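Q:
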Amino acid sequence: MKHLLGIKQLSDEEIEQIFSTAQQFKEVLNRPRLKKVPSLQGVTIANVFFEPSTRTRISFELAAKRLSADVVNFSASTSSVQKGESLLDTVENLLAMRVDLIILRHPHVGAPHFLARHVKASIINAGDGIHEHPTQALLDAFSLLQKWGNFQNKTVAIIGDIYHSRVARSNILLLKRLGAKVLLCGPPTLIPPPFKTLVDGVYYRIEDIIERADAFNILRIQKERQKEQFFPSLQEYYHYFGVRPEVLQQNPSLIIMHPGPMNRGVEIDSKVADSEQAIILEQVENGVAVRMAVLYLIAGG
Ligand code: CP
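Using numbering that gives the first Met the number 0, read the sequence shown as starting at 0 and increasing by one per residue.
#1: Quick check on Ser-74: does DSSP put it in helix, strand or coil?
#2: Assuming contact is defined by CB atoms lying nearer than 7 Å, are Ile-161 and Gly-185 in contact in what I supplied?
#3: Mapping the DSSP letters down to three states, classify Lys-146 as helix, strand or coil.
#4: Any chance you could list the beta strand (DSSP E) runs of at least 3 consecutive residues sitting entirely within the stretch 197 to 274, in chain order?
#5: Going by DSSP, what residue range makes up the alpha helix (DSSP H) through Asn-92?
#6: Thinking C-alpha only, which one of Pro-106, Ala-140, Ala-45 and Leu-87 is nearest Arg-116?
#7: Considering only residues of the same chain and omitting the five flanking positions on each side of Gly-299, which have a CB-CB separation below 7 Å?
#8: Considering only the alpha carbon of each residue, which of Gly-109, Ile-129, Pro-111 and Phe-49 lies closest to Gln-221?
#9: Which one of Val-198, Tyr-295, Phe-229 and Leu-61 has the shortest CA to CA distance from Thr-188?
#10: Ala-288 to Val-36, Cα distance in whole Å?
#11: Considering only the alpha carbon of each residue, which of Val-118, Ala-125 and Leu-93 lies closest to Pro-106?
#12: Under 8 Å by Cβ, that's how I've got Val-242 and Ile-279 pegged, so tell me the actual separation to the nearest angstrom.
#13: Check this for me: beta carbons of Ser-169 and Ile-6, under 7 Å apart or not?
#14: Where do the N-terminal and C-terminal ends of the beta strand (DSSP E) with Arg-104 fall, by residue?
#15: Quick one: using the 10 Å Cβ neighbour count with 16 as the cut-off for buried, is Pro-31 buried or exposed?
#16: Exposed or buried, what is Ala-95 when buried is set at 16 or more other beta-carbons lying within 10 Å of its beta-carbon?
#17: On the criterion of 16 or more Cβ atoms from any shown chain inside 10 Å, does Ser-10 qualify as buried, or is it exposed?
#18: To the nearest angstrom, report how far apart Val-246 and Tyr-203 are at their CA atoms.
Structural data, given as structure tokens:
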């Protein structure tokens with residue numbers, strides 16, 4: 000692997016290798032002491048974030064540090080981007096300081112692909128606009144594999160703002176490759192027609208998917224990307240599409256997932272988020288192991 004730009008660019012063998020390597024790194028992370036290996040000693044990684052992030056940025060930073068790499072963090076809001084410097088010039092300057100690998104989060108679709116064409120370093124897509132978030136999909140699938148072993152006869156429902164979600168696109172592409180069924184559910188205005196051709200069913204009422212699904216992956220309403228009004232109000236959204244505690248009683252084996260950040264009381268009720276059926280923090284935990292695997296296979300494996 001030279002880059003990780005999206006799910007489509009990964010072969011089945013590479014996906015399998017990421018999961019098996021992540022499993023080994025999970026064991027390292029679960030050690031009582033010395034949660035660290037020397038695999039990427041001498042490698043320098045830059046976390047280049049043009050959008051806010053808690054999980055992805057810190058998870059990549061910890062993953063790099065657990066592999067003994069050197070890490071620098073770049074935030075557009077406190078950089079010379081504010082003085083008009085371009086993405087390419089910014090990254091060329093980082094590479095001149097002997098950075099080996101760039102992890103990029105950017106609001107524009109295709110920004111990591113553009114960089115991969117124009118610079119020599121390896122590029123990892125940490126989220127490009129509404130397009131893809133491949134490591135989120137990999138950690139989501141890895142978390143489900145920890146529970147189920149495989150995706151045979153398993154159905155994952157992705158619920159909410161599909162339109163603006165890079166997580167939805169990457170999850171659909173990966174889950175279908177792994178053999179799962181994928182359903183979408185949300186307001187019709189937030190499920191664009193092209194998505195309907197990629198999945199096994201589209202539903203507009205939570206009640207219709209409770210017993211059809213083995214896992215709910217619940218997405219945030221991405222207000223910051225919405226340029227128009229897609230539904231009347233957040234209260235009305237919660238009324239129709241918020242995942243509430245009754246769902247857990249109706250399907251006691253249903254797994255509840257959320258990529259974060261969560262808006263409690265909008266797309267998910269607090270009792271659901273904090274329930275025994277939720278694996279939201281396990282997703283975050285597995286994210287470090289999966290990102291260690293990706294960094295290792297790109298930069299050192
Ligand atoms: N899931 C995810 O991408 O979260 P952050 O925006 O906090 O990185």
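Even glycine gets a Cβ: it sits at the ideal position worked out from N, Cα and C.
Owing to the predicted nature of the structure, the values given are computational and were not obtained by experimental measurement.
A: Quick answer:
#1: Note: Ser-74 maps to strand in three-state DSSP.
#2: yes
#3: helix
#4: 200 to 202, 214 to 217 and 254 to 256
#5: 86 to 95 is the span of the alpha helix (DSSP H), which, as asked, contains Asn-92.
#6: Nearest C-alpha to Arg-116: Leu-87.
#7: Ser-38, Leu-39 and Val-42
#8: Ile-129
#9: Phe-229
#10: 12 Å
#11: Taking only the C-alpha atoms, the option nearest Pro-106 is Ala-125.
#12: The Cβ separation is near 12 Å, so there is no contact.
#13: yes
#14: Annotation for Arg-104: the continuous beta strand (DSSP E) segment containing it runs 100 to 105.
#15: Exposed, because fewer than 16 other Cβ atoms sit within 10 Å of the Cβ of Pro-31.
#16: By the 16-neighbour rule on beta-carbons within 10 angstroms, Ala-95 is exposed.
#17: exposed
#18: 15 Å
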